[in-house]
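Take 68 as the starting number for the sequence shown in UniProt numbering and just add one per residue. Don't be surprised by glycine CBs; every beta carbon is placed ideally from N, CA and C. These numbers come from a predicted model, not from an experiment.
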Amino acid sequence: ALRQSITPNAQIGKQKSWNHVWPQASYKVAILGAAGGIGQSLALLIKMSPLVSSLHLYDIANVKGVAADLSHCNTPAQVVDFTGASELANCLKGVDVVVIPAGIPRKPGMTRDDLFNINANIVKGLVEAVADNCPDAFIHIISNPVNSTVPIAAEVLKQKGVYDPKKLFGVTTLDVVRANTFITQKKNLRLIDVDVPVVGGHAGITILPLLSKSKPSTTFTDEEVQELTVRIQNAGTEVVEAKAGAGSATLSMAYAAARFVESSLRAIDGDADVYECTYVESNLTELPFFASRVKLGRNGVEALISSDLNGLTEYEQKALEALKPELKASIEEGIAYAQKGI
Ligand code: NAI
Numbered sequence: 068a069l070r071q072s073i074t075p076n077a078q079i080g081k082q083k084s085w086n087h088v089w090p091q092a093s094y095k096v097a098i099l100g101a102a103g104g105i106g107q108s109l110a111l112l113i114k115m116s117p118l119v120s121s122l123h124l125y126d127i128a129n130v131k132g133v134a135a136d137l138s139h140c141n142t143p144a145q146v147v148d149f150t151g152a153s154e155l156a157n158c159l160k161g162v163d164v165v166v167i168p169a170g171i172p173r174k175p176g177m178t179r180d181d182l183f184n185i186n187a188n189i190v191k192g193l194v195e196a197v198a199d200n201c202p203d204a205f206i207h208i209i210s211n212p213v214n215s216t217v218p219i220a221a222e223v224l225k226q227k228g229v230y231d232p233k234k235l236f237g238v239t240t241l242d243v244v245r246a247n248t249f250i251t252q253k254k255n256l257r258l259i260d261v262d263v264p265v266v267g268g269h270a271g272i273t274i275l276p277l278l279s280k281s282k283p284s285t286t287f288t289d290e291e292v293q294e295l296t297v298r299i300q301n302a303g304t305e306v307v308e309a310k311a312g313a314g315s316a317t318l319s320m321a322y323a324a325a326r327f328v329e330s331s332l333r334a335i336d337g338d339a340d341v342y343e344c345t346y347v348e349s350n351l352t353e354l355p356f357f358a359s360r361v362k363l364g365r366n367g368v369e370a371l372i373s374s375d376l377n378g379l380t381e382y383e384q385k386a387l388e389a390l391k392p393e394l395k396a397s398i399e400e401g402i403a404y405a406q407k408g409i
């Protein structure tokens with residue numbers, strides 16, 4: 068959920084001040100691809116955040132109207148629009164978190180890999196600008212195929228000499244959101260209590276929900292594990308087919324991305340108890356990038372949570388081994404693409 072954050076302050080008893088107790092709107096967030104399906108809904112949700120003082124909306128077209136519309140909401144964030152490459156640098160200066168949902172979405176029959184050629188180029192160009200203008204920002208990559216676009220972004224940042232693996236994130240929050248929803252429904256749990264780690268990557272079988280690590284601790288039959296795992300892996304395709312050519316998940320994706328932005332801002336703001344699943348540079352497996360739960364702090368990833376991968380069931384262990392070749396190939400494809408340009 069979009070939790071309101073309360074800044075922890077050891078001095079609260081002594082010097083009680085509203086500024087210390089309540090979150091202050093003081094962070095700048097940029098959305099690149101802000102006029103799109105995800106971008107618009109995400110902009111609305113971020114405009115509601117008590118932590119955001121400035122919301123920069125960038126797109127190649129149609130962003131002026133979105134910003135004018137949004138700017139009438141009486142929440143603290145000031146909304147500023149930026150259109151086209153000539154305004155990108157100004158959009159990025161001084162920003163704390165950059166979210167990138169720019170690119171084309173899937174149509175029925177397409178896999179996320181089918182988006183590679185177009186979206187790889189878009190992500191490469193945008194991350195170059197991030198490297199030049201706000202190299203210290205947290206970078207949230209939504210554009211698919213995330214399994215490849217994150218390695219592309221890492222290579223671009225390395226080429227620019229500003230790569231900080233702790234601050235580059237592939238957004239996989241939607242997989243967790245879906246897992247929590249489907250498991251709650253199936254097992255009739257209290258939604259607020261449910262939390263399921265999802266590891267691996269963000270496409271088909273590389274999405275691996277670890278049902279054995281669900282909170283609250285829940286027993287599943289083999290059939291339930293199979294059914295729920297496959298549903299979580301194919302949930303994006305469920306939406307693509309229901310939208311019948313009009314795109315992929317936008318509203319649930321915006322909800323998930325807003326949760327990840329809010330978690331990042333809470334971490335930057337000093338909250339010491341922020342954990343999210345995300346696709347990052349990792350040494351938890353032999354793969355260079357891997358989604359897992361991470362602890363977020365002021366400077367990005369503070370720790371990768373390895374314990375989720377201990378004591379896996381036989382089903383999960385097999386699924387983990389099965390996803391590795393596909394994820395490895397997607398990572399290598401991304402790296403090769405980014406290195407072509409050198
Ligand atoms: P959309 O087509 O509605 O919006 C994309 C926006 O990107 C458009 O406004 C377009 O003008 C803009 N754009 C294109 N090139 C750009 C550039 N060079 N710079 C800035 N903006 C640019 O697409 P939608 O539905 O918002 O999806 C966006 C991406 O998010 C897709 O790649 C989709 O596959 C991905 N996605 C990722 C998910 C995840 O869980 N990580 C879930 C759902 C979608």
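Please report the distance separating the alpha-carbon of residue i from that of residue j.
i           : j           : result
residue 301 : residue 331 : 27 angstroms
residue 398 : residue 346 : 11 angstroms
residue 162 : residue 381 : 44 angstroms
residue 144 : residue 152 : 24 angstroms
residue 389 : residue 147 : 45 angstroms
residue 395 : residue 140 : 44 angstroms
residue 387 : residue 267 : 7 angstroms
residue 329 : residue 116 : 7 angstroms
residue 407 : residue 196 : 18 angstroms
residue 327 : residue 290 : 31 angstroms
residue 310 : residue 325 : 22 angstroms
residue 334 : residue 91  : 14 angstroms
residue 372 : residue 342 : 9 angstroms
residue 297 : residue 176 : 17 angstroms
residue 119 : residue 160 : 15 angstroms
residue 200 : residue 299 : 37 angstroms
residue 156 : residue 221 : 19 angstroms
residue 227 : residue 269 : 26 angstroms
residue 194 : residue 154 : 15 angstroms
residue 128 : residue 379 : 47 angstroms
residue 75  : residue 204 : Confidence at residue 75 is low in this model, with a pLDDT of 40, below 50, so its placement is unreliable and the value that follows should be read with caution. Whole-angstrom Cα-Cα distance: 23 angstroms.
residue 293 : residue 340 : 32 angstroms
residue 142 : residue 295 : 39 angstroms
residue 377 : residue 135 : 50 angstroms
residue 252 : residue 385 : 26 angstroms
Residue i and residue j: beta carbons closer than 9 angstroms?
i           : j           : result
residue 55  : residue 218 : This structure leaves residue 55 out entirely; the chain is present only between 68 and 409.
residue 179 : residue 213 : yes
residue 113 : residue 165 : no
residue 322 : residue 121 : no
residue 235 : residue 320 : no
residue 391 : residue 354 : yes
residue 209 : residue 238 : yes
residue 233 : residue 367 : yes
residue 338 : residue 94  : no
residue 317 : residue 103 : yes
Excluding sequence positions up to five away, which residues of its chain have a Cβ less than 8 angstroms from the Cβ of residue i?
i           : result
residue 280 : 263, 264, 375
residue 370 : 361, 362
residue 256 : 250, 283, 285
residue 383 : 275, 277, 278, 279
residue 344 : 239, 240, 242, 243, 264, 265, 266, 358, 359, 360, 361
residue 247 : 258, 261, 262, 263
residue 312 : 174, 175
Report all residues from its chain with a CB closer than 7 angstroms to the CB of residue i; omit the five preceding and five following residues, and keep chain order.
i           : result
residue 229 : 198, 202
residue 100 : 106, 126, 167, 168, 169, 170
residue 185 : 170, 171
residue 110 : 98, 101, 122, 124, 133, 137
residue 393 : 272, 273
residue 48  : Lying before the first or after the last residue shown, residue 48 is absent from the chain, which here runs from 68 to 409.
residue 182 : 170, 171, 173, 211, 212
residue 365 : 334, 335, 337
residue 192 : none
Leaving out five residues before and five after residue i in sequence, what residues of the same chain have Cβ atoms less than 6 angstroms from its Cβ?
i           : result
residue 173 : 307, 315
residue 187 : 219, 404
residue 131 : 148
residue 158 : 97, 123, 125, 149
residue 357 : 349, 351
residue 287 : 278
residue 260 : 283
residue 224 : 198, 230
Exercise for the section: Would you mind listing the beta strand (DSSP E) stretches within the segment 272-305 that are 3+ residues and don't spill past its ends, in chain order? Expected result: 274-276
Exercise for the section: Quick one: which unbroken beta strand (DSSP E) runs of 3-plus residues sit fully inside the segment 363-395? Chain order, please. Expected result: 367-371
Practice task
Write down every uninterrupted run of the alpha helix (DSSP H) in the segment 183-241 whose length is 4 residues or greater and which is fully enclosed by it, in chain order.
Solution key: 183-200, 213-226
Handout entry: Whole runs of the alpha helix (DSSP H) within the segment 81-152, excluding any shorter than 4 residues
Key = 85-88, 104-114, 130-137
Exercise for the section: Just list the alpha helix (DSSP H) runs in the segment 305-372, keeping only unbroken ones of 4 residues or longer that don't cross its boundaries, in chain order. Expected result: 318-335
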